[in-house]
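**Q**
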Amino acid sequence: MAANLEGKPTKFPDEDTMRAVEYVSGGGPEQMHISPVPKPILKEKEVLIKVHTTSINRADLMQRKGMYPPPPGASEILGLEAAGLVEKCGEGCTRWKEGDRVMALLSGGGYAEFVTVHEDHVMQIPTDMTFEEAGGIPEAWLTAYQLLHNVAGIKPGQTVLVHAGGSGVGLAIVQLARLAGAQAIVTAGAPEKLLKATQLGAAAAYNYKKDNIVERISKFTDGHGVDVLLDCIGRSMLDENCRMIAVDGCWVLYGLLSGSKVESADFLSLILRKRVRLQGTTLRSRSTEYKAQLISNFVRDVLPRFSKKELDVSVDKVYPFGQIGQAHKFVESNSNTGKVIVRVCADLPSPGQEHSEII
Numbered sequence: 001m002a003a004n005l006e007g008k009p010t011k012f013p014d015e016d017t018m019r020a021v022e023y024v025s026g027g028g029p030e031q032m033h034i035s036p037v038p039k040p041i042l043k044e045k046e047v048l049i050k051v052h053t054t055s056i057n058r059a060d061l062m063q064r065k066g067m068y069p070p071p072p073g074a075s076e077i078l079g080l081e082a083a084g085l086v087e088k089c090g091e092g093c094t095r096w097k098e099g100d101r102v103m104a105l106l107s108g109g110g111y112a113e114f115v116t117v118h119e120d121h122v123m124q125i126p127t128d129m130t131f132e133e134a135g136g137i138p139e140a141w142l143t144a145y146q147l148l149h150n151v152a153g154i155k156p157g158q159t160v161l162v163h164a165g166g167s168g169v170g171l172a173i174v175q176l177a178r179l180a181g182a183q184a185i186v187t188a189g190a191p192e193k194l195l196k197a198t199q200l201g202a203a204a205a206y207n208y209k210k211d212n213i214v215e216r217i218s219k220f221t222d223g224h225g226v227d228v229l230l231d232c233i234g235r236s237m238l239d240e241n242c243r244m245i246a247v248d249g250c251w252v253l254y255g256l257l258s259g260s261k262v263e264s265a266d267f268l269s270l271i272l273r274k275r276v277r278l279q280g281t282t283l284r285s286r287s288t289e290y291k292a293q294l295i296s297n298f299v300r301d302v303l304p305r306f307s308k309k310e311l312d313v314s315v316d317k318v319y320p321f322g323q324i325g326q327a328h329k330f331v332e333s334n335s336n337t338g339k340v341i342v343r344v345c346a347d348l349p350s351p352g353q354e355h356s357e358i359i
């Protein structure tokens, strides 16, 4: 039976089938389509989640382009975070029950009606939070939390430079840095992104297309440079980063949006002279145990603050499932400020008024 490309419920011959997004590796958003595929098999200590919302992450775009394959054992289906209801619990699962409202960090599989995930990678959605908001938290906010605390070891009073400061991860970093007593400085290429970052607590925000960011940051830090540099850009910002980071600074590379091959003759000498700690990191390939501990710490330290309105998920747009290709195009064009959410199953209840901007 053909899939319904408008995102409307489609009935399949048996209960072992679900709708999911398929794509051509190396292809564009127009080659994404919704097709019937087998439901994932529930394993020990896993939960089966009926997905209400997922979100678009840069990693999804890179995987679609054939540049970021899933780790061994992960689903080939795109999608690194999801929110929905627990449909079923696997053997040995003790933390959740059928019907629980949850959000989950995934290694893949979020662009589907159902997904399985280890029970320790699941978080309860706060009672006053919508599925649209929850769908934008796990991957983006856990990445931000990991970068600041697990990798960089952020301290009060430090300055943190965040490239792509208007992205979902960037805006999460800004807010978590503020909670940690640090000053976040962001770069972005559009005024609305800089404004949003400033509204959420950035101490300074610079347009990399117009400003001399090296001079601006040197002036802001009184020539000291930034203590922590969180870099998802890579090649194109290499020389500037070398000049902006402080002596004994921590430079964390967590993305390569502009490419990985560099030709800078001074790169290593600058790193050496400044005694910079340069560390690469990804979250997707981390161990089950690492992710479980990270999530436990996040639930303890951060999650309650959403209900207190101290943190903003920053949902930009919500797309129906049948328009997921358009959602990819929107993110790929760098048009988003914050998270872009995709509503997969529209028949799940949610408290209060859901996010109303449907494309």
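Counting in the working numbering, the sequence shown runs from 1 upward without gaps.
Using N, Cα and C, we set each Cβ at its ideal position, and we do this for glycine too.
Write down the C-beta distance between Gln175 and Leu311 rounded to the nearest angstrom, noting that I regard them as a contact closer than 8 Å.
**A** 5 Å
**Q** Determine the DSSP secondary structure at Cys345, reduced to helix, strand or coil.
**A** coil
**Q** Going by CA-CA distance only, name the one from Ile125, Gln183 and Arg300 that's closest to Ile217.
**A** Gln183
**Q** Based on DSSP bridge pairs, tell me the residues matched to Ala152.
**A** Beta-bridge pairing links Ala152 to no other residue.
**Q** Among the residues of its own chain, which have a CB less than 7 Å from the CB of Ala180, if the five just before and after it don't count?
**A** Leu148, Ile154 and Pro156
**Q** What residue range does the beta strand (DSSP E) around Lys291 cover?
**A** Taken as a continuous stretch (DSSP letters only), Lys291 belongs to no beta strand (DSSP E), being part of the alpha helix (DSSP H) at Thr288 to Asp301.
**Q** Around the Cβ of His328, are there at least 16 other Cβ atoms within 10 angstroms (buried) or fewer (exposed)?
**A** It is buried - the Cβ of His328 has at least 16 other Cβ atoms within 10 Å.
**Q** Is the distance from the Cβ of Val115 to the Cβ of Ile77 below 9 Å?
**A** Yes, the pair counts as a contact, with Cβ atoms nearer than the cut-off.
**Q** Kindly list the residues whose CB is nearer than 7 Å to the CB of Ile125, restricted to its own chain and excluding five residues on each side of it in sequence; keep chain order.
**A** Ala83, Arg101, Val102, Met103 and Ala134
**Q** Go ahead and label Lys219 buried or exposed: buried means 16 or more other beta carbons lie within 10 angstroms of its beta carbon, across all protein chains shown.
**A** Exposed is the call here.
**Q** State the Cα-Cα distance for the pair Ala152 and Trp251, rounded to the nearest angstrom.
**A** 8 Å
**Q** Is the stretch 222-239 close to the stretch 162-177, with three or more CB pairs under 8 Å?
**A** Short answer: they touch.
**Q** According to DSSP, simplified to helix, strand and coil, what is Ser350?
**A** At Ser350 the pLDDT is 46, less than 50, meaning the model places this residue with poor confidence; the figure from the coordinates comes in the next sentence. Three-state result, Ser350: coil.
**Q** Could you say which of Glu46, Glu119, Lys193 and Asn207 lies nearest to Val315 if we only look at CA atoms?
**A** Lys193
**Q** Going by other Cβ atoms of all chains shown within 10 Å of its Cβ, with 16 needed for buried, is His224 buried or exposed?
**A** exposed
**Q** Scan the stretch 120-153 and note each continuous beta strand (DSSP E) run of 3 residues or more that stays entirely inside, going in chain order.
**A** Qualifying beta strand (DSSP E) stretches, in chain order: 122-124.
**Q** According to DSSP, is Met103 helix, strand or coil?
**A** In the three-state reduction of the DSSP assignment, Met103 falls in the strand class, which pools E and B.
**Q** Do Met32 and Ile295 have their C-beta atoms within less than 9 Å of each other?
**A** no
**Q** Please state whether the Cβ-Cβ distance between Tyr111 and Val344 is less than 9 Å.
**A** yes
**Q** In angstroms with no decimal places, state the Cα-to-Cα distance between Phe131 and Asp248.
**A** 42 Å
**Q** Using the C-alpha atoms, what's the distance from Gly27 back to Thr281?
**A** Here the alpha carbons of Gly27 and Thr281 stand approximately 27 Å from one another.
**Q** Tell me the residue span of the beta strand (DSSP E) that contains Met32.
**A** Element bounds for Met32: n/a, residue is neither H nor E.
**Q** Can you name the start and end residues of the alpha helix (DSSP H) that Leu257 belongs to?
**A** No alpha helix (DSSP H) contains Leu257, which DSSP labels as neither H nor E.
**Q** Would you tell me roughly how many angstroms separate the C-alpha atoms of Leu171 and Ser35, rounded to the nearest one?
**A** 34 Å
**Q** So, under 8 Å CB-CB, Glu98 and Glu44 are touching, yes? Tell me the CB distance rounded to an integer number of Å.
**A** The Cβ separation is near 17 Å, so there is no contact.
**Q** Where are the beta strand (DSSP E) runs, 3 residues long or more, that stay fully inside the stretch 194-265, in chain order?
**A** 204-207, 226-231 and 245-253
**Q** Does Leu258 pass the burial test, meaning 16 or more other C-beta atoms within 10 Å, or should it be called exposed?
**A** Checking the sequence shown, residue 258 turns out to be Ser, not Leu. Ser258 should be labelled exposed.
**Q** Given a cut-off of 9 Å, decide if Val37 and Met18 are closer than it, judged by their beta-carbon atoms.
**A** yes
**Q** Quick one: grab the DSSP three-state call for Gly170.
**A** helix
**Q** Excluding the five sequence neighbours on either side, which residues of its own chain have a C-beta within less than 7 Å of the C-beta of Leu283, listed in chain order?
**A** Closer than 7 Å at Cβ, skipping near neighbours: Leu142, Thr143 and Gln146.
**Q** Is the beta carbon of Val86 less than 9 Å from the beta carbon of Ile49?
**A** yes
**Q** Going by C-alpha to C-alpha distance, which of Gly108, Ser75, His121 and Gly109 sits closest to Trp96?
**A** Nearest option by C-alpha distance: His121.
**Q** Hey, how far is the Cα of Pro69 from the Cα of Leu80?
**A** 13 Å
**Q** Identify the continuous beta strand (DSSP E) that holds Lys88 and give its terminal residues.
**A** DSSP places Lys88 inside the beta strand (DSSP E), whose first and last residues are Glu81 to Cys89.
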